[in-house]
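Remarks on the structure that follows.
In full-length UniProt numbering, the protein residues as written are 1 to 504.
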């Protein structure tokens with residue numbers, strides 16, 4: 001390829017790669033791209049033309065539009081060439097059913113005065129493209145000298161301990177060149193498991209940067225003939241992948257902001273089930289495999305704590321000491337849609353009306369794309385709408401092509417291990433990717449503290465407070481009655497009396 005890439009490019013011809021998410025035959029959104037030649041150097045996405053393309057709907061092809069929304073420098077072609085992130089619209093300019101960016105952008109505009117900042121820790125595995133098994137692992141076997149799925153391998157170096165560092169280094173530099181606000185990287189808890197961080201970004205920019213960073217990751221790995229998996233649990237029994245999401249508002253970052261952060265915990269506790277339905281593309285099923293309670297919270301309960309990385313939501317110790325800052329939502333899965341996650345946080349914590357939800361068009365097996373009203377006229381909350389889409393995606397998947405790994409809240413498994421090279425392996429290739437349960441780094445901070453306080457609110461509504469060392473503690477519980485009335489989700493929960501419990 002080098003001799004072709006070295007060919008002189010006419011000055012009046014600029015190559016622009018349109019990058020977009022398109023729903024595949026499995027019902028999930030996949031990263032795709034197509035290139036256009038323009039005769040000027042674009043300075044913003046709005047200067048680029050809306051493009052059209054056809055997508056399969058049943059046995060027919062339906063024409064849709066690709067609208068540029070965010071412009072980046074192209075690290076693969078260099079020069080004045082560009083990458084542009086796009087969103088998909090129907091012929092009547094309505095967002096497609098998997099276009100969560102549209103409503104997310106609307107929510108961010110409504111919350112503009114709050115100046116919401118986000119950061120995401122994207123975890124992934126590098127995979128052997130031929131065996132679909134983690135890079136460097138023995139075929140159908142497990143790595144040595146670890147010999148344990150729970151070994152602490154964070155930050156490891158050496159040819160016998162980590163594999164694929166070239167991909168990570170190339171990806172980091174390519175993202176910086178593109179203009180993505182990537183702020184770090186590290187080796188994760190297993191060989192071939194890596195993480196990079198994007199942010200802080202304000203508003204919609206976080207979702208845009210994360211999606212484009214995933215695209216660049218796949219392109220870099222493709223050049224090296226290596227696969228990438230952001231599946232939440234690519235190897236059952238071994239560490240999983242997550243997308244821990246940091247969030248703050250201007251009030252949280254101001255002096256005394258810790259009060260605002262702690263108040264947010266109560267709001268999040270009341271919408272836990274609804275958030276979990278939009279924190280992975282399968283309406284919570286992927287997180288059920290990932291959040292089993294081992295070095296993590298359980299998927300079916302909400303917990304929060306200060307300096308506790310085993311909680312659903314963590315307030316970092318530096319934030320507690322400073323009295324201001326941000327919190328970390330550790331629930332989003334590695335294959336989450338960042339627009340759905342960030343929108344959920346903004347709507348819940350800012351009490352935004354569900355009436356602001358846009359009208360989407362669902363892809364159905366018909367001659368056309370039918371508009372679907374998800375606003376107040378349809379008496380549907382934003383959360384219900386997105387959860388419904390996730391369920392539609394799941395139902396659309398070909399069950400006969402692969403087995404689905406189901407993990408209950410207790411962590412029991414009911415299928416053969418994923419990752420096998422046999423036909424029983426199903427990959428959740430969301431965003432044209434496959435591929436964190438727990439961040440192995442989590443142990444270092446959580447259990448080095450002499451004391452900590454954890455407040456637990458299970459899905460049944462019970463509250464308990466545990467104080468003690470990292471290996472256990474004494475529990476004090478009390479009856480707790482709570483009422484939820486969030487305009488942000490357009491629904492109201494009845495008051496619940498809860499019994500004392502100690503899930504830790």
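Ideal Cβ placement from N, Cα and C applies to all residues, glycine included.
- Judged by pairs of C-beta atoms under 8 Å, the segment 224-243 touches the segment 116-133, as three or more such pairs exist.
- Residue 200: member of the beta strand (DSSP E) spanning 193-202, first to last residue.
- By the neighbour-count criterion, in which 16 or more other beta carbons inside 10 Å mark a residue as buried, residue 144 falls on the exposed side.
- Non-local C-beta neighbours of residue 156 in its own chain, meaning closer than 8 Å and more than five positions away in sequence, comprise 162, 187, 191, ordered along the chain.
- DSSP places residue 183 inside the beta strand (DSSP E), whose first and last residues are 182-187.
- Taking a cut-off of 8 Å on C-beta distances, the segment 299-318 touches the segment 328-346, as three or more cross pairs fall below it.
- In the three-state DSSP reduction, residue 274 falls in the helix class (H, G or I).
- Annotation note: the segment 74-113 contains the following uninterrupted beta strand (DSSP E) runs of length 3 or greater, listed N- to C-terminal: 82-89.
- In terms of Cα proximity to residue 300, the closest of 272, 338, 154, 97 is 272.
- By the neighbour-count criterion, in which a residue is buried when 16 or more other Cβ atoms sit within 10 angstroms of its Cβ, residue 178 is buried.
- Only buried fits residue 279, as 16 or more other CB atoms lie within 10 angstroms of its CB.
- The beta-bridge partner set that DSSP reports for residue 348 is empty.
- For residue 53, the uninterrupted beta strand (DSSP E) segment begins and ends at 51-57.
- The straight-line gap separating the alpha-carbon atoms of residue 160 and residue 67 is approximately 46 Å.
- For residue 213, the enclosing alpha helix (DSSP H) stretches over residues 205-223.
- With fewer than 16 other beta carbons inside 10 angstroms of its own, residue 39 counts as exposed.
- Residue pairing by DSSP places residue 68 opposite 86 in a beta bridge.
- DSSP, read as helix, strand or coil, puts residue 127 in strand.
- Separation of the CB atoms of residue 31 and residue 15 is rounded to 18 Å, and the pair is thereby denied contact status at 8 Å.
- Between residue 252 and the set 201, 244, 138, 262, the nearest pair of CA atoms involves 262.
- If you keep only unbroken alpha helix (DSSP H) runs of at least 4 residues inside the segment 237-265, you get 250-253.
- Under DSSP, the beta-bridge partners assigned to residue 18 are 34, 84.
- Excluding the 5 residues flanking it on each side, residue 50 has same chain C-beta neighbours closer than 6 Å at 65, 67, in chain order.
- Secondary structure note for residue 167: its alpha helix (DSSP H) is the uninterrupted segment 165-178.
- For residue 328, the secondary structure class from DSSP, reduced to helix, strand or coil, is strand.
- Judged by DSSP in its simplified three-state form, residue 44 adopts coil rather than helix or strand.
- Rounded to whole angstroms, the gap between the alpha carbons of residue 75 and residue 175 is 8 Å.
- Our two residues, residue 77 and residue 274, have alpha carbons roughly 42 Å apart in a direct line.
- Looking at the backbone, the Cα of residue 88 and that of residue 99 are separated by about 7 Å.
- Approximately 19 Å separates the beta-carbon atoms of residue 69 and residue 199; this is outside 8 Å, ruling out the contact.
- Per DSSP, the continuous alpha helix (DSSP H) segment holding residue 290 begins and ends at 285-290.
- When rounded, the separation of the alpha-carbon atoms in residue 141 and residue 348 is 44 Å.
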